[in-house]
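Participant: The structure is given below, and queries will be raised subsequently.
Number of protein chains: 2
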Amino acid sequence: MALIVQKYGGTSVANLDRIAHVAGRVIAGRSAGNDMVVVLSAMSGETDRLIKLAKKINPNPNERELDVLLSTGEQVTVALLAMMLSDRGVPARSYLGHQVKIVTDSSFTKARITDIDRRLIKDELEQGTVVIVAGFQGVDGNGNITTLGRGGSDTTAVALAAALSADLCEIYTDVEGVYTTDPNICPNARKLEKISYDEMLEMASLGAKVLHTRSVEFAKKYNVPVVVKSSFTDGTGTIVTGEDKDMEQVVVSGIAYNVNEAKLTIRGVPDRPGIASRIFGTIAEEDIIVDMIIQNVGADNSADITFTVPKADVKKARQILERIRGELGAKEVIADENIAKVSIVGVGMRSHAGIASQMFKALASEGINILMISTSEIKVSCAIERKYTELAVRVLHDTFGLGGEEPRVEKEEL
Amino acid sequence: MALIVQKYGGTSVANLDRIAHVAGRVIAGRSAGNDMVVVLSAMSGETDRLIKLAKKINPNPNERELDVLLSTGEQVTVALLAMMLSDRGVPARSYLGHQVKIVTDSSFTKARITDIDRRLIKDELEQGTVVIVAGFQGVDGNGNITTLGRGGSDTTAVALAAALSADLCEIYTDVEGVYTTDPNICPNARKLEKISYDEMLEMASLGAKVLHTRSVEFAKKYNVPVVVKSSFTDGTGTIVTGEDKDMEQVVVSGIAYNVNEAKLTIRGVPDRPGIASRIFGTIAEEDIIVDMIIQNVGADNSADITFTVPKADVKKARQILERIRGELGAKEVIADENIAKVSIVGVGMRSHAGIASQMFKALASEGINILMISTSEIKVSCAIERKYTELAVRVLHDTFGLGGEEPRVEKEEL
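Line by line, the protein sequences are chains B and H.
Sequential numbering from 24 applies to the first sequence in the working numbering.
Sequential numbering from 24 applies to the second sequence in the working numbering.
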């Protein structure tokens, strides 16, 4: 007997038929003798509908209230699944973030889980109840409802799996698993049998939509075995797990891209100590996440500082820069939303030289200009003009030999 | 400076335009120097939509989960109003039942408020915040979400007004106030300037939809001054208040009707002590409210017991009767959903004789057969065939002289 945490995404609970299908899977898991904890997203489209409603009031609606609004989406699906299981004679109860309690900080719309109370769930499981938890939501220290950001239900599931020392965390979605890249761009993209936490972390934070970044951080930190699979088919999915020797043999495991960042440049900043800290300190105070940063110093001893932020935050970031521009003695602030970031990821990079230059060469061969570069131990990212996104992904996917039928590592029995 | 609790019903928050209108009213109240607490219903149609969804799963869905589902409706509207007020520079915060806390018993779908924690709201009001509370919902002693039954937001508002010792509780709806009867049936129905708690209580429990019965009980118990008025116009509405001398001069204040009850008859019950207690005890255990009861003893020493229950509970009640029929030695159980109850209400009845017979005569004059009768100090109700409902209401409205332009009591300045 095992404790399994299952998470079903929006398309898997899009309507009553789909929820009935989920109920079937949950009952199968329980009939096999497992303790079941089920985390649900809102019906697909519902969160967008609610955001649209809020934005009609104000493009930047009050974030505390936005979380009150958005958290209703998951409340609907957990209640419906609990009703369905009850209807089939399976004891089941829905729980919201504040009931569990899933405690978070108070960063509305992008809160981080700080603690999970496991007592209530443990008690329910002991009594044979299927515990259904609303994903995406938590409660802060003052009892306010918070949400974890888009895709946050993955994090709810993995954090619960960690807190409960679950044997497995299954993330059910509408794709077969994690692919070498977006199959919509590269039809010959290959599903990976397994991927390391670190690679998955890079892929997720670089724009691969299959898992929420924070969920992978949790999985890595608490060594939670995660499987990403489709709720529409019976495939084996992709295992996200600790690194092994097979993985190191492969230089590049996947290609990610992200078109949701924008570039900000503050021109003509006097080149003196403390300027960068002033800029990025002010930006950080507003909870805006900065990704790539570059700084050029020109002949006249003044610098241009360029960095990227999520598109959703570009207006706010620009306002901040305009506010401190005078104080800094800078010339002007320029925003460019017309960019994309393409990245290559692989743990094998650690032990292979020349990977970055191979990437630059491949992009240059297609006439794609590189605007910014950033690297880490296991990834290289380039900002490019947005119009080249698909072309860049395809040329990199080919360059690093990711396409085709050949599996990257030998298949294993799951 | 006064403390005002305002409640807005579903049609008053049906869309963003209507909610903006509510925001305007709230701001006006606050600008006049009042502390404002605002209770909202779900958008009109939303609760029905959610119930329909649940009933597709099971006609009698799990009630704990139904409450989790239904409570989302008010969560959406309170968040939207709070956003709107914030957007206009007015400090405002939404609170759900479990946040306030509005503590109830655990009778899901028809819970009763047992306690309200006033500290959080008092603190917020002291800081000048407009407090927006989700109507209709509460939390039981175990942290489960509960709902108060259809129209329960009225009760939330009046109970909050009582707990906070508010100066006034304004119930905003889509009609001008409380009428002598349903204007859809009697075009010459008259808006009442004021009505006593007791009369309102009878009117509400007899089917007049303008106020939730429990809300009037609260208002009476804690002597909360309530005004029912339209959010669409600027009328003075109807004051619901303690009894005064003017009211006693009027014999019948209003005509109510209810087509949401069904009649159950258990035939051929042996006429021996304890039978009625066995029947109604079992029904009560299932939380089904019984309204009218009659019992006839026939020549063969067996009795027929007939009673009415809400239509929503008729299946469940019938199942209970069938279950205990053998044990009771009864012949058969008959259900009839084709009935209506018409009632005359007025505090003046206490000091006037012959009112009931006047009612029976009026119905007889139109050939309407009376199936059941029940009376109290200030009302007489008759169950009749449903098809006669409108005819009966009109003849009673005329018989007791309720139509026309003449106000029932002199108009007062509010």
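Even for Gly, the Cβ is constructed at its ideal location relative to N, Cα and C.
For B:K30, write down the residues that DSSP places opposite it in a beta bridge.
Facilitator: Within the first sequence, numbered from 1, the residue matching residue 30 of chain B stands at position 7. For B:K30, the pairing in a beta bridge is given by DSSP as B:V62 and B:I194.
Participant: Specify the secondary structure class of B:Q160 as computed by DSSP and reduced to three states.
Facilitator: Counted from its first residue, the first sequence places residue 160 of chain B at position 137. Three-state DSSP puts B:Q160 in a strand.
Participant: Thinking just about the alpha-carbon of each residue, which of B:A358, B:E266, B:D146 and B:A182 is nearest to the one in B:A157?
Facilitator: For the purposes of this step, residue 157 of chain B is taken as the residue at position 134 of the first sequence. The residue with the shortest Cα to Cα distance from B:A157 is B:A182.
Participant: Using the three-state DSSP reduction, which class does B:K410 fall into: helix, strand or coil?
Facilitator: Sequence index remark: in the first sequence, residue 410 of chain B carries index 387 (1-based). Helix at B:K410.
Participant: With 7 Å as the limit, tell me which residues of the segment 163-179 of chain H have their beta carbon closer than that to any beta carbon of chain B; keep them in chain order.
Facilitator: G166
Participant: Determine the extent of the alpha helix (DSSP H) in which B:D269 is found, giving its start and end residues.
Facilitator: Counting from one through the first sequence, the residue named residue 269 of chain B turns up at place 246. Boundaries of the alpha helix (DSSP H) harbouring B:D269: K268 to E271, taken from the DSSP string.
Participant: Specify whether the segment 130-143 of chain H and the segment 87-94 of chain H touch according to this definition: at least 3 beta carbon pairs, one from each stretch, less than 8 Å apart.
Facilitator: yes
Participant: Could you give the residue range of the beta strand (DSSP E) that holds B:R111?
Facilitator: For the purposes of this step, residue 111 of chain B is taken as residue 88 along the first sequence, with counting starting at 1. Looking at the DSSP string, B:R111 is not in any beta strand (DSSP E), and its letter there is neither H nor E.
Participant: Check whether chain H comes within 7 Å of B:N452, counting only Cβ atoms and requiring the distance to be less than that.
Facilitator: Missing from the structure shown is residue 452 of chain B; chain B here goes from 24 to 437 and no further.
Participant: Which runs of the alpha helix (DSSP H), 4 residues or longer, sit entirely within the segment 121-189 of chain H?
Facilitator: 142-149 and 175-186
Participant: Identify the contact partners of B:T95 in chain H, using a Cβ-Cβ distance below 7 Å as the criterion.
Facilitator: Translated into the one-based positions of the first sequence, residue 95 of chain B becomes position 72. What B:T95 touches in chain H: T95, Q98 and V99.
Participant: How close, in whole Å, do the beta carbons of H:T261 and H:I218 come, if the pair is a contact with beta carbons under 8 Å?
Facilitator: Here residue 261 of chain H is taken as the residue at index 238 of the second sequence, counted from 1. Here residue 218 of chain H is taken as the residue at index 195 of the second sequence, counted from 1. Confirmed, Cβ separation roughly 6 Å.
Participant: First and last residue of the beta strand (DSSP E) that includes B:K286?
Facilitator: Numbered from its first residue, the first sequence carries residue 286 of chain B at position 263. E284 to P293 is the span of the beta strand (DSSP E), which, as asked, contains B:K286.
Participant: So is H:E86 in contact with chain B if we call contact Cβ pairs under 7 Å?
Facilitator: Taking the first residue of the second sequence as 1, we reach residue 86 of chain H at position 63. No, H:E86 lies away from the interface with chain B (no Cβ there is under 7 Å from its Cβ).
Participant: How is H:E435 classed by DSSP in three states: helix, strand or coil?
Facilitator: Start at 1 with the first residue of the second sequence, and residue 435 of chain H comes out as number 412. Bear in mind that a pLDDT of 37 at H:E435, under 50, signals an unreliable position, so the model cannot answer this.
Participant: Tell me which residues share the same chain as B:K434 and place their Cβ nearer than 8 Å to its Cβ, disregarding the 5 neighbours each side in the sequence.
Facilitator: Within the first sequence, numbered from 1, the residue matching residue 434 of chain B stands at position 411. Only weak support exists for where B:K434 lies, its pLDDT of 35 falling under 50; the coordinates are left without a value.
Participant: Any residues in the segment 103-115 of chain H with a beta carbon nearer than 8 Å to a beta carbon of chain B? Which ones, in chain order?
Facilitator: For the segment 103-115 of chain H, the beta-carbon criterion of a distance under 8 Å to any beta-carbon of chain B is satisfied by L103, A105, M106, M107, S109 and D110.
Participant: Tell me the DSSP secondary structure of B:S438 in three-state form.
Facilitator: Shown here, chain B extends from 24 to 437; a query on residue 438 of chain B therefore has no answer.
Participant: Tell me, please, whether the CB atom of B:L92 is closer than 7 Å to any CB atom in chain H?
Facilitator: As a working mapping, residue 92 of chain B is identified with position 69 in the first sequence. It does; some Cβ of chain H falls within 7 Å.
Participant: Rounded to the nearest angstrom, how far is the Cβ of H:F65 from that of H:V99, given a contact under 8 Å?
Facilitator: The residue you call residue 65 of chain H lines up with position 42 of the second sequence. The residue you call residue 99 of chain H lines up with position 76 of the second sequence. For the record, residue 65 of chain H in the displayed sequence is Ala; it is not Phe. Confirmed, Cβ separation roughly 7 Å.
Participant: Is the beta carbon of B:M226 less than 7 Å from the beta carbon of B:G277?
Facilitator: Numbered from its first residue, the first sequence carries residue 226 of chain B at position 203. Numbered from its first residue, the first sequence carries residue 277 of chain B at position 254. It is a contact, given that the beta carbons lie within the stated cut-off.
Participant: Check whether the segment 118-126 of chain B touches the segment 54-61 of chain B, counting contact only when three or more Cβ pairs, one atom from each stretch, lie closer than 8 Å.
Facilitator: no
Participant: Would you say B:K124 reaches chain H, if we count a Cβ-Cβ gap shorter than 7 Å as a contact?
Facilitator: Residue 124 of chain B sits at position 101 when you count from the first residue of the first sequence. It does not: the Cβ of B:K124 has no partner Cβ on chain H nearer than 7 Å.
Participant: How would you list, in chain order, the residues of chain B whose beta-carbon sits under 9 Å from the beta-carbon of H:L76?
Facilitator: As a first step, residue 76 of chain H must be located in the second sequence, where it is residue number 53. Those are L39, V99 and L103, listed as they occur along chain B.
Participant: DSSP state of B:G371, grouped into three classes?
Facilitator: If you number the first sequence from 1, residue 371 of chain B lands on position 348. Looking at B:G371 - three-state DSSP - the assignment turns out to be helix.
Participant: Tell me where the beta strand (DSSP E) around H:M395 begins and ends.
Facilitator: Counting from 1 along the second sequence, the entry for residue 395 of chain H is found at position 372. M395 to S399 is the span of the beta strand (DSSP E), which, as asked, contains H:M395.
Participant: Just to confirm before moving on: does the CB-CB distance between B:V263 and B:M223 stay below 7 Å?
Facilitator: The sequence position of residue 263 of chain B within the first sequence is 240, counting from 1. The sequence position of residue 223 of chain B within the first sequence is 200, counting from 1. The answer is yes: Cβ separation under 7 Å.
Participant: Counting along the chain, where does the alpha helix (DSSP H) carrying H:K354 start and finish?
Facilitator: Walking along the second sequence from the start, residue 354 of chain H turns up at place 331. Taken as a continuous stretch (DSSP letters only), H:K354 belongs to no alpha helix (DSSP H), as it is neither H nor E.
Participant: Taking H:Y280 as the reference, give the member of H:I302, H:T288, H:N207 and H:T256 with the closest Cα.
Facilitator: Residue mapping note: residue 280 of chain H aligns to position 257 of the second sequence, counting from 1. When only C-alpha atoms are compared, the closest one is H:N207.
Participant: Is the CB of B:I50 under 7 Å away from at least one CB in chain H?
Facilitator: Indexing the first sequence from 1 puts residue 50 of chain B at position 27. So, not an interface residue.
Participant: Quick one: using the 10 Å Cβ neighbour count with 16 as the cut-off for buried, is H:G390 buried or exposed?
Facilitator: Residue numbering aside, residue 390 of chain H sits at position 367 when the second sequence is read from its first letter. Exposed: under 16 other Cβ atoms inside 10 Å.
Participant: Given that a residue counts as buried once 16 or more other Cβ atoms are within 10 Å of its Cβ, and exposed if not, what is H:M24?
Facilitator: As a working mapping, residue 24 of chain H is identified with position 1 in the second sequence. Per the 10 Å Cβ criterion, exposed.
Participant: Can you round the beta-carbon distance between B:V249 and B:G200 to whole angstroms, since I take them to be within the 8 Å contact cut?
Facilitator: One-based indexing of the first sequence puts residue 249 of chain B at position 226. One-based indexing of the first sequence puts residue 200 of chain B at position 177. At roughly 11 Å, the Cβ-Cβ gap does not stay under 8 Å, so B:V249 and B:G200 are not in contact.
Participant: Are the C-beta of B:S67 and some C-beta of chain H separated by less than 7 Å?
Facilitator: As a first step, residue 67 of chain B must be located in the first sequence, where it is residue number 44. Closer than 7 Å: no.
Participant: Might you give, ordered along the chain, the residues of its own chain that have their beta carbon closer than 8 Å to the beta carbon of H:G166, omitting 5 neighbours on each side?
Facilitator: Residue mapping note: residue 166 of chain H aligns to position 143 of the second sequence, counting from 1. So the list reads H121, once near-sequence residues are dropped.
Participant: Measure the beta-carbon distance from H:L425 to H:T204 and round it to whole angstroms, keeping in mind my assumption that it falls under 8 Å.
Facilitator: Translated into the one-based positions of the second sequence, residue 425 of chain H becomes position 402. Translated into the one-based positions of the second sequence, residue 204 of chain H becomes position 181. With 8 Å as the limit, H:L425 and H:T204 qualify as a contact, their Cβ atoms being about 7 Å apart.
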